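The sequence shown: position 344 = 343 (numbering that gives the first Met the number 0), numbered continuously. Here's the structure we're looking at; comments come further down.
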Amino acid sequence: MKSIIIDKSRDKANDECGVFGFYNNDNFDIVSVTHDAMYGLQHRGQASAGLTVMKDGEPHTVKDLGIVSTVCTEANLKKLPNGEISVAHLRYTTLDYLDRAASQPLVMRYIEGSLALANNGCITNFAEIRNELEQGGAIFQSNSHAEIIGYTIASYKVDCDTIEDAVLRTMEKLKGAYSFVISFPDKLIGVRDPHGFKPLCIGKLENSYIIASESCAIESIGGKFIRDVQPGEMIVVDKSGIRSLFCNKKKRASLCLFEYIYVARPDSIIDGVHVNSARKKAGELLYKENPVEADLVCGVPDSGLDAAQGFAEVSGIPYATAFIKNKYIGRTRDGVGTDKKNKLLKMRLNVLKNVVEGKRVVIIDDSIVHGNTSAHIVKLLKQAGASEVHMRISSPEFKYACYFGVDLPEESKLISNKMSVDELREHIGADSLSFLSIEGIHQIADGCSIGLCDGCFSGNYKADKPKIIYEDKFASKIQKF
Ligand code: SF4
Numbered sequence: 000m001k002s003i004i005i006d007k008s009r010d011k012a013n014d015e016c017g018v019f020g021f022y023n024n025d026n027f028d029i030v031s032v033t034h035d036a037m038y039g040l041q042h043r044g045q046a047s048a049g050l051t052v053m054k055d056g057e058p059h060t061v062k063d064l065g066i067v068s069t070v071c072t073e074a075n076l077k078k079l080p081n082g083e084i085s086v087a088h089l090r091y092t093t094l095d096y097l098d099r100a101a102s103q104p105l106v107m108r109y110i111e112g113s114l115a116l117a118n119n120g121c122i123t124n125f126a127e128i129r130n131e132l133e134q135g136g137a138i139f140q141s142n143s144h145a146e147i148i149g150y151t152i153a154s155y156k157v158d159c160d161t162i163e164d165a166v167l168r169t170m171e172k173l174k175g176a177y178s179f180v181i182s183f184p185d186k187l188i189g190v191r192d193p194h195g196f197k198p199l200c201i202g203k204l205e206n207s208y209i210i211a212s213e214s215c216a217i218e219s220i221g222g223k224f225i226r227d228v229q230p231g232e233m234i235v236v237d238k239s240g241i242r243s244l245f246c247n248k249k250k251r252a253s254l255c256l257f258e259y260i261y262v263a264r265p266d267s268i269i270d271g272v273h274v275n276s277a278r279k280k281a282g283e284l285l286y287k288e289n290p291v292e293a294d295l296v297c298g299v300p301d302s303g304l305d306a307a308q309g310f311a312e313v314s315g316i317p318y319a320t321a322f323i324k325n326k327y328i329g330r331t332r333d334g335v336g337t338d339k340k341n342k343l344l345k346m347r348l349n350v351l352k353n354v355v356e357g358k359r360v361v362i363i364d365d366s367i368v369h370g371n372t373s374a375h376i377v378k379l380l381k382q383a384g385a386s387e388v389h390m391r392i393s394s395p396e397f398k399y400a401c402y403f404g405v406d407l408p409e410e411s412k413l414i415s416n417k418m419s420v421d422e423l424r425e426h427i428g429a430d431s432l433s434f435l436s437i438e439g440i441h442q443i444a445d446g447c448s449i450g451l452c453d454g455c456f457s458g459n460y461k462a463d464k465p466k467i468i469y470e471d472k473f474a475s476k477i478q479k480f
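Right under this line is the structure:
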């Protein structure tokens with residue numbers, strides 16, 4: 000098996016999948032357009048990459064473990080025809096093993112032809128649906144949630160007049176978080192779950208339609224962002240144009256707040272809020288809630304930088320670049336020893352000694368999961384001669400697990416679940432430590448058109464947790480990271 004390196008050593012909640020769909024009304028080179036858009040979503044997942052082009056109702060796919068540049072080579076893309084519809088996927092796996100069969104788009108045959116599906120999310124009744132389908136004789140290639148979505152749509156289509164009805168029925172069956180794009184022989188469909196946990200938006204490139212996880216993917220190919228897909232909405236694009244349908248299931252909308260803090264790209268707009276503005280506002284509020292006297296404000300690259308600017312502007316403390324991030328270091332596997340992780344962390348972030356020496360430094364990061372990275376950052380700053388290090392975190396303490404597709408560890412492994420803020424400050428060696436409050440994090444998304452999920456911070460989940468956890472009997476046979 001080729002060597003694939005997944006970054007699970009980051010002391011962060013990890014990012015999730017990216018999805019993209021294109022309905023070609025202009026005879027664009029669909030392979031080239033889709034390939035370019037995939038780079039715009041690469042930040043959402045690096046475990047696998049893939050695209051399917053639908054030509055005359057037949058799917059043609061390139062997908063594999065790896066990032067866009069290694070999977071979508073020129074030689075591989077040459078195998079794809081120009082077609083009418085495309086679907087692409089960037090996968091971040093929440094599992095600790097590689098499974099090539101889980102790479103998406105998932106391509107299946109159903110009663111009326113082929114479908115290609117790319118999903119971002121976590122179905123909380125996955126175990127129940129999977130067991131039910133297996134009891135009915137279904138055979139699965141992987142434990143990807145996309146497979147149960149595809150199977151459910153395909154099985155409902157047997158009784159439904161239209162594929163739209165089959166998808167709407169599927170939405171009523173699925174629980175949890177999902178945003179997916181799916182191509183059928185003659186139409187592209189985009190769906191966002193009734194809570195709206197994961198972002199999904201619509202764009203246009205001349206007369207062609209785009210459905211994507213984030214607006215930055217639309218803009219990266221010169222397209223125009225039109226609007227977000229609403230929670231519970233299904234967008235259908237075909238020869239007759241674009242239309243919107245809603246499933247009957249009404250839920251409290253709850254976009255994942257962590258999209259604004261860390262997951263999404265800063266140049267995206269999600270549900271009416273610019274991600275970079277939200278991050279900057281987090282920094283402003285962080286200063287107002289937790290002021291400190293210092294000489295410099297610095298951010299941990301990349302997602303701490305906007306918040307650091309906000310903190311600097313409102314406090315009047317000068318903003319400076321303290322860390323240089325090595326973008327060329329290979330991503331690291333979970334399971335590597337602590338010494339190796341520390342070495343990789345050290346190689347990834349280098350401190351500018353001449354900037355911080357003798358200075359009282361405020362350092363802003365987006366979150367603390369295990370505390371290792373924060374301790375390392377404080378140590379680097381102190382070794383470089385900073386006289387004081389004040390750490391400020393632009394989100395509240397992670398105290399609870401996420402059941403909706405963000406790869407946070409279980410509660411017992413979250414350091415804020417085990418330590419008070421002062422204990423944690425001592426643990427990481429900072430002179431002071433503060434987090435943004437839960438009230439504050441809601442304010443960063445002022446103007447967001449839907450409700451927000453803060454479950455991992457507050458413990459108040461707006462959707463049910465999984466009742467049964469699915470256990471994959473074959474996982475032990477697959478290569479671990
Ligand atoms: S629990 Fe936290 S990480 Fe999970 S969806 Fe809600 S806000 Fe996002």
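Beta carbons are placed, not taken as given, at the ideal position from N, Cα and C, and that holds for glycine. This one's a predicted model, so the numbers in the text were calculated from it and none came from an experiment.
Close-in-space but distant-in-sequence residues of the same chain around residue i (CB under 7 Å, 5 per side omitted)
| i | result |
| --- | --- |
| Leu304 | Gly298 |
| Tyr150 | Leu132, Ala137 |
| Gly44 | Asp14, Glu15, Cys16, Gly17, Leu89, Arg90, Tyr91 |
Residue i to residue j span [Cα, whole Å]
| i | j | result |
| --- | --- | --- |
| Ser113 | Phe139 | 17 Å |
| Val70 | Leu89 | 11 Å |
| Gly336 | Asn349 | Only weak support is given to the placement of Gly336: the predicted model assigns it a pLDDT of 48, under 50, and the value that follows is read from those uncertain coordinates. Going from the Cα of Gly336 to the Cα of Asn349 covers about 21 Å. |
| Lys287 | Arg391 | 12 Å |
| Glu218 | Glu425 | 44 Å |
| Glu83 | Asp453 | 40 Å |
| His273 | Gln308 | 15 Å |
| Ala145 | Arg264 | 24 Å |
| Ser102 | Ser47 | 6 Å |
| Leu79 | Asp28 | 11 Å |
| Ser283 | Ser457 | What sits at residue 283 in the sequence shown is Glu, not Ser. Whole-angstrom Cα-Cα distance: 22 Å. |
| Ser207 | Ser373 | 45 Å |
| Asp98 | Cys16 | 15 Å |
| Leu351 | Val236 | 51 Å |
| Lys1 | Leu64 | Summary for Lys1: the model assigns pLDDT 41, below 50, so the residue's position carries little reliability, and this model does not support an answer. |
| Ile147 | Pro193 | 18 Å |
| Arg242 | Ser276 | 31 Å |
| Glu292 | Tyr259 | 27 Å |
| His59 | Gly439 | 47 Å |
Simplified DSSP assignment, three categories, for residue i
| i | result |
| --- | --- |
| Arg43 | helix |
| Thr331 | Residue placement at Thr331 is poorly supported in this model, since its pLDDT is 41, which falls under 50; the coordinates are not used for a value here. |
| Asn130 | helix |
| Phe310 | helix |
| Ala321 | coil |
| Met264 | First, the residue type needs correcting, since residue 264 is Arg and not Met in the sequence shown. Here Arg264 sits in coil by DSSP. |
| Phe125 | helix |
| Phe224 | strand |
| Ala444 | coil |
| Leu199 | coil |
| Ser212 | coil |
| Gly303 | coil |
| His34 | helix |
| Ser207 | strand |
| Lys7 | Because the pLDDT of Lys7 is 43, which lies under 50, any placement of that residue in the model is unreliable, and the question is left without a value. |
Check whether residue i and residue j have beta carbons under 8 Å apart
| i | j | result |
| --- | --- | --- |
| Pro395 | Leu435 | yes |
| Ser212 | Val18 | yes |
| Asn247 | Glu127 | no |
| Lys381 | Gly428 | yes |
| Ile234 | Ala36 | no |
| Pro198 | Ile269 | yes |
| Asp482 | Ser433 | Residue 482 lies beyond the stretch modelled for the chain, which goes from 0 to 480, so this question has no answer here. |
| Thr51 | Val86 | yes |
| Ser178 | Asn119 | yes |
Beta-bridge partners of residue i, as assigned by DSSP
| i | result |
| --- | --- |
| Tyr177 | Gly120 |
| Pro58 | Met53 |
| Val86 | Gly20, Thr51 |
| Phe245 | Glu232 |
| Ile188 | Ile181, Val235 |
| Gly482 | Only positions 0 to 480 of the chain appear in this structure, which leaves residue 482 out of reach. |
| Asp63 | Ala48 |
| Ser113 | Arg108 |
| Val350 | Phe322 |
| Phe434 | Ile392 |
| Val272 | Ile269 |
| Asp164 | Bridge partners of Asp164: none, in fact. |
Contact set for residue i: own chain, Cβ-Cβ below 6 Å, skip 5 residues either direction
| i | result |
| --- | --- |
| Ile209 | Phe21, Gly202, Ile217, Gly222 |
| Ala205 | Correcting the residue type first, residue 205 is Glu in the shown sequence and not Ala. Cβ within range, chain order: Asp25. |
| Glu470 | none |
Contact set for residue i: own chain, Cβ-Cβ below 8 Å, skip 5 residues either direction
| i | result |
| --- | --- |
| Leu295 | Ile316, Pro317, Tyr318, Ala319, Ala321, Val354, Val355, Lys358, Arg359, Val360, Val361 |
| Cys159 | Ala165, Arg168 |
| Cys455 | Ala12, Phe257, Phe397, Lys398, Tyr399, Ala400, Cys401, Val405, Leu407 |
| Glu163 | Ile188, Met233, Val235, Leu244 |
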